[in-house]
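Using our numbering, read the sequence shown as starting at 34 and increasing by one per residue.
Yeah, the Cβ is synthetic: ideal placement off N, Cα and C, and Gly gets one too.
Computed from a prediction, not measured in an experiment: that's the story for all the values here.
First up is the structure itself, then whatever we jot down about it.
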Amino acid sequence: MKKLAVAIAAAAIAVAAAAFYFTLQQRETLDTLLEKARKGNRFEVLVAGLNSGNVPVRYTCDGEDVSPRVEWRGLPANARSLVLICYDPDAPRGTFVHWVLYNVPPGLGGVPENLPKTGVVEGVGLQGVSDFGRLGYGGPCPPSGTHRYVFIVLALDSELGLREGASAFDVLREALPHVIGYGEVVLRYSRG
34 MKKLAVAIAA
44 AAIAVAAAAF
54 YFTLQQRETL
64 DTLLEKARKG
74 NRFEVLVAGL
84 NSGNVPVRYT
94 CDGEDVSPRV
104 EWRGLPANAR
114 SLVLICYDPD
124 APRGTFVHWV
134 LYNVPPGLGG
144 VPENLPKTGV
154 VEGVGLQGVS
164 DFGRLGYGGP
174 CPPSGTHRYV
184 FIVLALDSEL
194 GLREGASAFD
204 VLREALPHVI
214 GYGEVVLRYS
224 RG
């Protein structure tokens, strides 16, 4: 009986340790992954022709809610694919992801405006699921105040082995060992 109690206690400790380890892994949050991704050569990114200012209404929930054109210049020569993530660090419950695009060919020079909200965008790349729970871009729609919208582009030395529909967390976790450069633009938006 005593051996059974010891075995049960040991199993409980093992389960608790595994849960604690899983919690620590999950604490590697989207924010920490985004911070770690800012490494390597810096290059220029433009969103709808802007490198600062406000998100044009067309690209928000108050407008047509279409994805903006995003361009890049000065990529590292050995870039093999790109990742684009748009997020709001000022959301009430923490960082909110508006767009995840990956395995983008660097030679495109940019992604066009108004991408379809599908997992595979022919000739452009794969789209992930935003925090709206949908594939593709979901524009700024802050509940109150002015929020920042960060468009970060990561240059990678390889493509990612992910299928369409991945989360920003999974894309970043897979991309981190391959980041060789980045560029970003911070735009702002407030409603009404």
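Using a threshold of 8 Å, state whether the C-beta atoms of residue i and residue j are closer than that.
| i | j | result |
| --- | --- | --- |
| G152 | G198 | yes |
| N136 | E97 | no |
| G216 | E61 | no |
| C94 | P176 | no |
At least one CB of chain B closer than 8 Å to the CB of residue i: is that the case?
| i | result |
| --- | --- |
| V116 | In the displayed structure, chain B is absent; only one protein chain is listed. |
With respect to 7 Å, is the separation between the Cβ of residue i and the closest non-hydrogen atom of the ligand SAH below this value?
| i | result |
| --- | --- |
| L117 | In the structure on display, the ligand SAH does not appear, and there are no ligands present to speak of. |
Between the alpha carbons of residue i and residue j, how many angstroms are there, rounded?
| i | j | result |
| --- | --- | --- |
| T56 | D190 | Per-residue confidence for T56 stands at a pLDDT of 40, beneath the threshold of 50, marking its modelled position as unreliable; the derived number appears in the next sentence. Cα to Cα, the separation comes out at about 30 Å. |
| I118 | I213 | 16 Å |
| R167 | A110 | 33 Å |
| A129 | A112 | In the sequence as presented, Ala is not what sits at residue 129; that position holds Phe. Those two C-alpha atoms are separated by around 27 Å. |
| R91 | H180 | 16 Å |
| G156 | V144 | 10 Å |
Could you tell me which residues DSSP puts in a beta bridge with residue i?
| i | result |
| --- | --- |
| V99 | The partner list for V99 (beta bridge, DSSP) is empty, contrary to what the question assumes. |
| F184 | C119, V218 |
| V153 | L159 |
| N74 | G214 |
| G143 | E104 |
Buried or exposed: which applies to residue i, given that a residue is buried once 16 or more other Cβ atoms fall within 10 Å of its Cβ?
| i | result |
| --- | --- |
| E104 | buried |
| P101 | buried |
| L220 | buried |
- Message: Check whether the region 66 to 84 and the region 178 to 188 are in contact - that is, three or more C-beta pairs closer than 8 Å.
- Response: yes
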